[in-house]
Structure formats: structure tokens, C-alpha cells
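Enquirer: Can you keep this structure in mind? I'll have questions shortly.
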Amino acid sequence: ETGVTQSPTHLIKTRGQQVTLRCSSQSGHNTVSWYQQALGQGPQFIFQYYREEENGRGNFPPRFSGLQFPNYSSELNVNALELDDSALYLCASSLGATNEQFFGPGTRLTVL
Amino acid sequence: GENVEQHPSTLSVQEGDSAVIKCTYSDSASNYFPWYKQELGKRPQLIIDIRSNVGEKKDQRIAVTLNKTAKHFSLHITETQPEDSAVYFCAASRSSNDYKLSFGAGTTVTVRA
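Residue numbers (the numbering used here), protein chains in the order written: chain A, 5 to 116; chain S, 278 to 390.
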């Protein structure tokens, strides 16, 4: 069984730039959720993709967008980066839209 | 939306002692309560979870209790070991469209040898 993987591991961007983060779900899982974890805080739900459709969204502005591909991998895109976007971005996969979610190692994004 | 509060924010225990972390939630419709352990620089790992139709669940040295009436749940770690040192997060979720997890702010547990 293959676990959840994310790329890149680290990323440094400047304000106003755009970034794309990638996630491959655990083998057999068809749902990917994205979370933002600021330093010293718990993860905050951004959105979820189920069967290639957005299936719920947290309190994040539209400049946070995503995609899910037929192989269930997913991308998180953030436009017009702000300093406060600096965080660890985690994706979690699950089988179906269920509670039990398994996390990837995260992408550490630093916005300068 | 759901609001999860977690206490304490830091916890230092002597090796072999027990550690208890408590969380409260606001949404009475929440019915799934997982606990994640996150070591420095690593991914959150699911260590135990409980659903609202169960009051207590145990897995070796780890147990979780749930009081639906009071809307709180707790993680109990017995016979703590140095490898238990990590940040622990509680979360709550309802069986809704997206099953999103609402997390507490985390508890940093340090086990002193």
C-alpha cells in the first residue's frame, strides 16, 4: 500500500506570485482534502475533492483553488500570494468522502 | 461552524506517568473524533479515533473517552515513553457532505526520562 505523497517538500515564493502544490493520494483512495497549518496551530480545512469535483470548502478566499485528476491525485493552486499564506500545506486522502483521513508529509511554503 | 478547543497547550510528564489531553467541541452534530500525533517536521498520524455511538475506545497504552452530553472528549496515554513526545491534535467531524476535520490548536507533550 502506497501512502500519501506531496511535492515539493519546500517552496519559497514572493508576494504576488502564484504557486501549485501537488498531492498523490494513498493507493485505493479517491478523495483528497487540503489543509493549511500555520506555525503552532492545528490544520485548517481548505477544501475537498471527491471524484474530481470540489466537495466542500472552508473559509478561504477564491484565490485558493484546486483540481483533482482521474487518477485521484490533486493540485492546490494559490494566486496572488500573501505573507500570511506562509504555512505547511497538508493533503489528506480517504476512501470516499468519509471522516477517516490520512495525511501526507506536507509542503512548507514560505512567502517573502 | 465547529469550534474545537484543546487543553492544555503544553504538558510535561515523567516517563511512566499518564498524560491526559482534553477537547471540547461546539457542534452537537459532530460524530467522529480522531486524535493525531505530529512529530517535529513530520505528517500528522492518526493514532486513535472514536465515533459518537461509543463512549470509550482503547488501543494498548492509548485510550479515548467521549461524553456527548457535555461535548467533550479526552485522550489518555498510560505508561508514557520518550517516543510519546510530540504534538497531539484532537479533531471533530460530522457526517456531512465533506466530512471536514476541525482541529484543536494542539498539545505539546514532553516525556521526561
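The C-beta atom is built at its ideal place from N, Cα and C for all residues, glycine as well.
Can you pull out the residues from the region 48 to 79 of chain A whose beta carbon lies closer than 7 Å to at least one beta carbon of chain S?
Expert: Within the region 48 to 79 of chain A, the residues whose Cβ lies closer than 7 Å to some Cβ of chain S are PHE49, GLN52, ASN59, GLY60 and GLY62, listed in chain order.
Enquirer: Can you list, in chain order, the residues of the region 78 to 98 of chain A whose Cβ is nearer than 9 Å to any Cβ on chain S?
Expert: Answer set for the region 78 to 98 of chain A: LEU94, ALA96 and SER98.
Enquirer: State the beta-bridge partners of ASN308 of chain S as determined by DSSP.
Expert: Taking the second sequence and counting its residues from 1, one reaches residue 308 of chain S at position 31. Bridge partners of ASN308 of chain S: none, in fact.
Enquirer: Three-state secondary structure (DSSP) at GLU58 of chain A?
Expert: Position 54 of the first sequence, counted from the first residue, corresponds to residue 58 of chain A. Three-state DSSP puts GLU58 of chain A in a strand.
Enquirer: Between the Cα of SER98 of chain A and those of A:HIS33, A:GLY62 and A:GLY70, spot the shortest distance and give me the residue it belongs to.
Expert: Residue 98 of chain A sits at position 94 when you count from the first residue of the first sequence. Taking only the C-alpha atoms, the option nearest SER98 of chain A is A:HIS33.
Enquirer: With a CB to CB cut of under 7 Å and the five nearest residues on each side skipped, what residues in its chain are close to TYR376 of chain S?
Expert: Taking the second sequence and counting its residues from 1, the one referred to as residue 376 of chain S is at position 99. SER370, listed in sequence order.
Enquirer: Taking only beta carbons into account, state which residues of the region 278 to 297 of chain S come closer than 7 Å to chain A, listed in chain order.
Expert: Per Cβ criterion, the list is empty.
Enquirer: Within the chosen definition, does the region 330 to 337 of chain S reach the region 279 to 299 of chain S through at least 3 CB pairs nearer than 8 Å?
Expert: The region 330 to 337 of chain S is not in contact with the region 279 to 299 of chain S.
Enquirer: Name the chain A residues whose beta carbon is nearer than 7 Å to that of LEU378 of chain S?
Expert: As a first step, residue 378 of chain S is located in the second sequence; it is residue number 101 there, counting from the start. Those within 7 Å of LEU378 of chain S in chain A are PHE49 and GLN105.
Enquirer: Taking its Cβ as the centre, do 16 or more other Cβ atoms sit within 10 Å of LEU25 of chain A, making it buried, or is it exposed?
Expert: Position 21 of the first sequence holds residue 25 of chain A. By the 10 Å Cβ count, LEU25 of chain A comes out buried.
Enquirer: If you follow the beta strand (DSSP E) that HIS284 of chain S is part of, which residue opens it and which one closes it?
Expert: In the second sequence, counting from the first residue as 1, residue 284 of chain S sits at position 7. Where HIS284 of chain S is concerned, the enclosing beta strand (DSSP E) stretches over 281 to 284.
Enquirer: Starting from the beta carbon of PRO109 of chain A, find every residue of chain S whose beta carbon is closer than 8 Å, and list them in chain order.
Expert: Looking up residue 109 of chain A in the first sequence gives position 105. Correct list: LYS319 and ARG320.
Enquirer: Could you tell me which chain S residues have their CB closer than 8 Å to the CB of GLY32 of chain A, listed as they occur along the chain?
Expert: Here residue 32 of chain A refers to the residue found at position 28 when the first sequence is read from its first residue. The contacting residues do not exist; GLY32 of chain A stays about 16 Å from chain S at best.
Enquirer: For ARG19 of chain A, report the span of its beta strand (DSSP E) as first-last.
Expert: On the first sequence, residue 19 of chain A is found 15 positions in, with the first residue counted as 1. Careful: ARG19 of chain A lies outside any beta strand (DSSP E) and carries neither H nor E.
Enquirer: In or out: ASN280 of chain S buried (at least 16 other Cβ within 10 Å) or exposed?
Expert: What you label residue 280 of chain S is simply residue 3 of the second sequence in a count that begins at 1. Exposed, since its Cβ has fewer than 16 Cβ neighbours within 10 Å.
Enquirer: How is the beta strand (DSSP E) around TYR365 of chain S delimited, first residue to last?
Expert: Within the second sequence, numbered from 1, the residue matching residue 365 of chain S stands at position 88. 363 to 369 is the span of the beta strand (DSSP E), which, as asked, contains TYR365 of chain S.
Enquirer: May I have the straight-line CA-CA distance separating GLY60 of chain A from ARG389 of chain S, to the nearest angstrom?
Expert: The residue labelled residue 60 of chain A in the question sits at position 56 within the first sequence. The residue labelled residue 389 of chain S in the question sits at position 112 within the second sequence. Using only the alpha carbons, I get a separation of about 42 Å.
Enquirer: In angstroms, rounded to a whole number, what distance separates the CA positions of LYS17 of chain A and ASP326 of chain S?
Expert: For the purposes of this step, residue 17 of chain A is taken as the residue at position 13 of the first sequence. For the purposes of this step, residue 326 of chain S is taken as the residue at position 49 of the second sequence. Rounded to the nearest angstrom, the two C-alpha atoms are 37 Å apart.
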